[in-house]
Amino acid sequence: MKYYPEGILYDTAANRAALHSRAALAEAMEKGQILEAKAGLCTESHDLIVRLPGGEGVIPREEAAAGIKEGTVRDIAILSRVGRPVAFVIDRLEGEEGSLRAVLSRRKAQERCLRDYIGPLIPGDVIPARVTRLEGFGAFLDIGCGLPALMPIDMMSVSRISHPSQRFAPGQLILAAVSRHENGRVTLTHKELLGSWEENAARFRPGETVRGIVRSVEEYGIFVELTPNLAGLAEKKPGIQPGMAVSVFIKSILPERMKVKLVIIEGFPDDDAPIPFDYRFREGDHLSRWIYSPEGCQKRVETVFDEAD
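Heads up: the sequence shown begins at 23 in our numbering, then just goes up one per residue.
Right under this line is the structure:
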């Protein structure tokens, strides 16, 4: 059985078929199938009510998230699911078609996901993840059935950003690699999936004028992001501020120094659209080692995931 961030199963044909009738729900209960439905209400006692075609489903408070009963997870983990899809297994069915009441458990779905999927993950494994919350220090992501993992801000890309909102948005589905997995806590990284310096630099040529985003303004120049894993240094120009989109002329690309020299042509204060991710440089579902810096460059930038390396 595969496990996914919440919301991925919601609109699939298999999920819709399992929710279609009491008989289909009974079959899904017998199989232990993980389903998804949208939470429409959280009651005063913090039970979640989900919408089902033939009635309603109830996820009792202590079944609404792993750790609620033990007090290790706060009730905000329940309240925040209203209006969103939730994963669950069916504990029992009460009533008949049209007046159906299904008692559900999100906790059991999460515990199975933790045991069978998240537990065996090792550094370097590449997995889908959904961004759920952004903080100044990083992003929290759902890596399966609503279970969270953290991605620190410095692991989001090689090009530095001042806040995760410059890279991600809540609800966004991305790929991520496991950086650490200790004591049940998973830390994710993203930059290793976005290509090396050479792979990113190969998309540009000296003499071209391209779009970029200003990431920082320093005394010695302005850093402009061309892709999430490639930034260049431009000369100072009045009126240019961090976050602005700019057109830049590429003066030179220097692999041996891992540098791109730029000249800012014009700034666009109202055009700070994010640069989309390009995962084409990723190979397979596991990374052993990732080398960012070009061969022959004095500065070596790499990530080693497998301890044997």
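Ideal Cβ positions, reconstructed from N, Cα and C, are used throughout, including at glycine.
Keep in mind that this is a model prediction, so the values were computed, not measured.
Handout entry: Assumed close pair residue 263, residue 246 - CB separation to whole angstroms, cut-off 8 Å
Key = Counting from one through the sequence shown, the residue named residue 263 turns up at place 241. Counting from one through the sequence shown, the residue named residue 246 turns up at place 224. Between residue 246 and residue 263 the Cβ distance is about 12 Å, and since that is not below 8 Å, they are no contact.
Exercise for the section: Could you check what DSSP says for residue 165 in three-state terms: helix, strand or coil? Expected result: Counted from its first residue, the sequence shown places residue 165 at position 143. In the structure shown, residue 165 sits in a strand (DSSP, three-state: E or B).
Exercise for the section: Could you tell me which residues DSSP puts in a beta bridge with residue 236? Expected result: The residue you call residue 236 lines up with position 214 of the sequence shown. Answer is 246.
Exercise for the section: From the DSSP output, in three-state form, read off residue 126 for me. Expected result: To locate residue 126, count along the sequence shown from 1; it is residue 104. In this structure, residue 126 counts as strand in the three-state DSSP scheme.
Problem - Opening and closing residue of the alpha helix (DSSP H) in which residue 302 lies - result: Counting from 1 along the sequence shown, the entry for residue 302 is found at position 280. Note, residue 302: premise wrong, no alpha helix (DSSP H); not H, not E.
Handout entry: the segment 179-193 contacting the segment 109-119, beta-carbon criterion three pairs below 8 Å
Key = no
Practice task
Would you kindly work out how many angstroms separate the C-alpha atoms of residue 231 and residue 287, rounded to a whole number?
Solution key: As a position in the sequence shown, residue 231 is number 209, starting the count at 1. As a position in the sequence shown, residue 287 is number 265, starting the count at 1. Near 8 Å, if we compare the C-alpha coordinates of residue 287 and residue 231.
Practice task
Identify whether residue 328 lies in helix, strand or coil by the three-state DSSP scheme.
Solution key: In the sequence shown, residue 328 corresponds to position 306, counting from 1. Coil.
Handout entry: Pairwise C-alpha distance: residue 211 and residue 37
Key = Taking the first residue of the sequence shown as 1, we reach residue 37 at position 15. Taking the first residue of the sequence shown as 1, we reach residue 211 at position 189. Straight-line Cα distance between these residues: approximately 30 Å.
Handout entry: Residues of its chain near residue 318, where Cβ-Cβ distance is below 7 Å and the 5 sequence neighbours each way are ignored
Key = For this step, residue 318 is matched to residue 296 along the sequence shown. Taken in chain order, the residues that qualify are 278.
Problem - Coil, strand or helix - residue 215 by DSSP - result: As a first step, residue 215 is located in the sequence shown; it is residue number 193 there, counting from the start. Correct three-state label for residue 215: helix.
Practice task
Mind checking which residues open and close the alpha helix (DSSP H) that includes residue 49?
Solution key: The count along the sequence shown starts at 1 and reaches residue 49 at position 27. Where residue 49 is concerned, the enclosing alpha helix (DSSP H) stretches over 44-53.
Handout entry: Candidates 266, 169, 195, 243, of which the one nearest residue 233 by Cα
Key = Taking the sequence shown and counting its residues from 1, the one referred to as residue 233 is at position 211. Checked all of 266, 169, 195, 243; the closest Cα to residue 233 is 266.
Problem - Reference residue 61, options 179, 80, 47, 111, closest by Cα - result: For the purposes of this step, residue 61 is identified with residue 39 of the sequence shown, where counting begins at 1. It is 80 whose Cα lies nearest to the Cα of residue 61.
Exercise for the section: Taking residue 83 as part of the alpha helix (DSSP H), name the residues at either end of that continuous run. Expected result: Counting from 1 along the sequence shown, the entry for residue 83 is found at position 61. That residue, residue 83, is in no alpha helix (DSSP H); it is neither H nor E in DSSP.
Handout entry: Between the CA atoms of residue 167 and residue 25 - distance to the nearest angstrom
Key = In the sequence shown, residue 25 corresponds to position 3, counting from 1. In the sequence shown, residue 167 corresponds to position 145, counting from 1. Cα-Cα distance, rounded: 7 Å.
Handout entry: Contacts around residue 202, its chain only, beta-carbon distance under 6 Å, and the 5 residues preceding and following it disregarded
Key = Along the sequence shown, read from residue 1 onward, the residue named residue 202 stands at position 180. Contacts found: 209.
Problem - Euclidean distance between Cα positions of residue 285 and residue 65 - result: On the sequence shown, residue 285 is found 263 positions in, with the first residue counted as 1. On the sequence shown, residue 65 is found 43 positions in, with the first residue counted as 1. Rounded to the nearest angstrom, the two C-alpha atoms are 58 Å apart.
Practice task
Report the rounded CA-to-CA distance for residue 302 versus residue 63, giving the unit in angstroms.
Solution key: The sequence position of residue 302 within the sequence shown is 280, counting from 1. The sequence position of residue 63 within the sequence shown is 41, counting from 1. Rounded to whole angstroms, residue 302 to residue 63 spans 41 Å at the Cα level.
Handout entry: CA nearest to the CA of residue 176, picked from 47, 157, 193
Key = On the sequence shown, residue 176 is found 154 positions in, with the first residue counted as 1. For the residues 47, 157, 193, the minimum Cα distance to residue 176 belongs to 157.
Practice task
Check whether the Cβ atoms of residue 251 and residue 315 sit closer than 8 Å, and answer yes or no.
Solution key: The sequence position of residue 251 within the sequence shown is 229, counting from 1. The sequence position of residue 315 within the sequence shown is 293, counting from 1. Cβ atoms of residue 251 and residue 315: not closer than 8 Å.
Problem - Proximity winner among 100, 298, 55, relative to residue 72 (alpha-carbon distances) - result: Counted from its first residue, the sequence shown places residue 72 at position 50. The option with the nearest alpha carbon to residue 72 is 100.
Practice task
Give me the Cβ distance between residue 112 and residue 200, rounded to the nearest whole Å; I'm assuming they're in contact under 8 Å.
Solution key: Within the sequence shown, numbered from 1, the residue matching residue 112 stands at position 90. Within the sequence shown, numbered from 1, the residue matching residue 200 stands at position 178. About 31 Å separates the two Cβ atoms, so there is no contact after all.
Practice task
Assign residue 127 to buried or exposed, taking buried as 16 or more other Cβ atoms, counted over all protein chains shown, within 10 Å of its Cβ.
Solution key: Here residue 127 refers to the residue found at position 105 of the sequence shown. It counts as buried.
Problem - For residue 270: DSSP bridge partner residues - result: As a position in the sequence shown, residue 270 is number 248, starting the count at 1. Bridge partners of residue 270: 232, 286.
Practice task
Would you kindly work out how many angstroms separate the C-alpha atoms of residue 47 and residue 59, rounded to a whole number?
Solution key: Mapped onto the sequence shown, residue 47 falls at position 25. Mapped onto the sequence shown, residue 59 falls at position 37. Their backbone Cα atoms lie some 12 Å apart in a straight line.
Handout entry: residue 27 burial status per 10 Å Cβ neighbour count (16 or more: buried)
Key = Sequence index remark: in the sequence shown, residue 27 carries index 5 (1-based). Under this definition residue 27 is a buried residue.
Handout entry: Where the alpha helix (DSSP H) containing residue 279 begins and where it ends
Key = Here residue 279 refers to the residue found at position 257 of the sequence shown. Note, residue 279: premise wrong, no alpha helix (DSSP H); not H, not E.
Exercise for the section: Consult DSSP for residue 147 and reduce its assignment to one of helix, strand or coil. Expected result: By one-based count along the sequence shown, residue 147 stands at place 125. Three-state result, residue 147: strand.
Handout entry: Extent of the continuous beta strand (DSSP E) run through residue 61
Key = As a position in the sequence shown, residue 61 is number 39, starting the count at 1. Element bounds for residue 61: 57-64.
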